[in-house]
Amino acid sequence: MKKSSFALALLLTGCVTSSDVQKLQSQISELQEQLAQVKRTTAGKEEVQGVNQRIADQTQQLLKSNATLVAKVDQIEDKMNNTQGSVEQTNFRLDRMAQQLTQSQRDIDDLKAVAARAAAAPQPAAPAPAMPEPSVTEVNVPAPTSDNPMEVYQAAYRDYQRGNYDLALAGFRDFLKSYPNSELSSNAEYWIGESLYSQKKYSEAIEQFNGVVNKYPKSDKAPGALLKKGYAYLALNDRPRAIVQFQYVVHEYPSSRESALAKDRLKQLGVDTK
């Protein structure tokens with residue numbers, strides 16, 4: 010502004026030379042350039058402010074979208090966890106059912122074998138018909154216990170299948186007491202353990218299954234007893250001992266149905282079975 014005042018003063022005094030005019034024109038051009046620069050700077054600032062505002066708006070929107078996405082991911086993870094828990098419970102039930110089916114089939118085979126041997130054995134001579142007894146007053150008395158071990162065993166087994174576990178326990182124990190050396194003794198010992206397990210008496214079931222393995226190590230009930238011990242330990246939240254039991258089944262009875270079930274359970278527990 011001082012330069013323009015000086016130029017104006019020169020014009021008013023009338024002492025203007027060509028050099029002065031050139032200086033004046035140069036000053037005017039410089040002022041015009043400064044004015045244009047000021048305009049450009051102002052426009053640039055406004056544009057930058059606009060860009061910053063848009064960035065701020067987009068950032069806010071992204072933050073909202075991210076919060077929504079995180080919430081949805083959390084919901085999905087919760088659903089997946091619940092689903093995984095349900096799958097594990099279902100697998101556990103399926104394993105148990107498969108193992109019980111295997112044991113039941115073996116039990117049927119054992120009963121058939123015992124029945125076949127009993128049929129092949131020579132039958133005792135029929136007793137002479139008894140003479141009629143004098144008529145007496147009829148009274149109600151409990152039915153006598155069968156002298157046939159097969160019938161005693163089957164009665165207890167039917168109680169187990171029907172879910173009458175107390176009756177099954179009593180029946181199998183009576184069978185063992187009456188016929189300790191029967192071919193079905195190992196079976197009766199095993200189903201006592203199963204009855205205790207079904208009553209959620211896991212510690213007692215483990216002790217009973219130990220008895221099966223110790224008394225009848227070569228019985229076809231031994232791998233089932235070991236496998237069921239693993240299930241019982243899992244029910245007691247004793248994961249390390251359960252894993253040991255499953256691994257023992259796989260190692261000692263590699264070709265058995267129980268071995269396949271043990272491998273499946275180990276896999277679900279995250280244990281390599283190779």
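Plus 9 on top of the position in the sequence shown (first one is 1) and you've got the working numbering.
For glycine and all other residues, C-beta sits at the position ideal for the given N, C-alpha and C.
Length of the line joining the Cα atoms of residue i and residue j
i, j, result
"ALA80", "ASP168", "52 angstroms"
"LYS230", "TYR166", "15 angstroms"
"PRO232", "LYS73", "58 angstroms"
"ILE117", "ASP273", "26 angstroms"
"LEU176", "GLN170", "11 angstroms"
"GLN31", "ALA45", "21 angstroms"
"PRO226", "LEU245", "25 angstroms"
"ARG63", "ALA76", "20 angstroms"
"VAL280", "ILE85", "26 angstroms"
"SER264", "TYR257", "13 angstroms"
"ASP156", "LEU178", "19 angstroms"
"ILE215", "TYR162", "22 angstroms"
"LYS276", "PHE184", "39 angstroms"
"ASN219", "THR282", "24 angstroms"
"LEU193", "GLU213", "21 angstroms"
"GLY59", "LEU40", "29 angstroms"
"SER268", "TYR262", "6 angstroms"
"SER228", "ARG266", "14 angstroms"
"GLN36", "GLN43", "10 angstroms"
"GLN69", "ASP83", "21 angstroms"
Range of the contiguous alpha helix (DSSP H) that encloses residue i
i, result
"SER207", "194-207"
"ASP183", "174-187"
"THR219", "According to the sequence provided, residue 219 is Asn. The question's Thr does not apply to it. 211-224 is the extent of the alpha helix (DSSP H) around ASN219."
"ASP273", "266-277"
"TYR257", "248-261"
"VAL161", "158-170"
"LEU245", "Element bounds for LEU245: n/a, residue is neither H nor E."
Residue nearest to residue i in terms of C-alpha spacing, selected from the options
i, options, result
"PRO158", "SER212, GLN62, SER191, TYR257", "SER191"
"ARG182", "ALA251, ASP247, GLN170, SER195", "SER195"
"ASN173", "SER207, GLN58, PRO249", "SER207"
"LYS209", "LEU270, VAL253, LEU243, GLN163", "LEU243"
"ASP247", "GLN41, LEU278, LYS224, GLU267", "LEU278"
"LYS224", "ALA241, GLN67, ALA197", "ALA197"
CB contact check: residue i to chain C, cutoff 8 angstroms
i, result
"LYS272", "This model lacks chain C altogether; it includes just one protein chain."
query = Is the stretch 229-240 touching the stretch 198-212 in the sense that three or more CB pairs, one from each, lie closer than 8 angstroms?
reply = The stretch 198-212 is in contact with the stretch 229-240.
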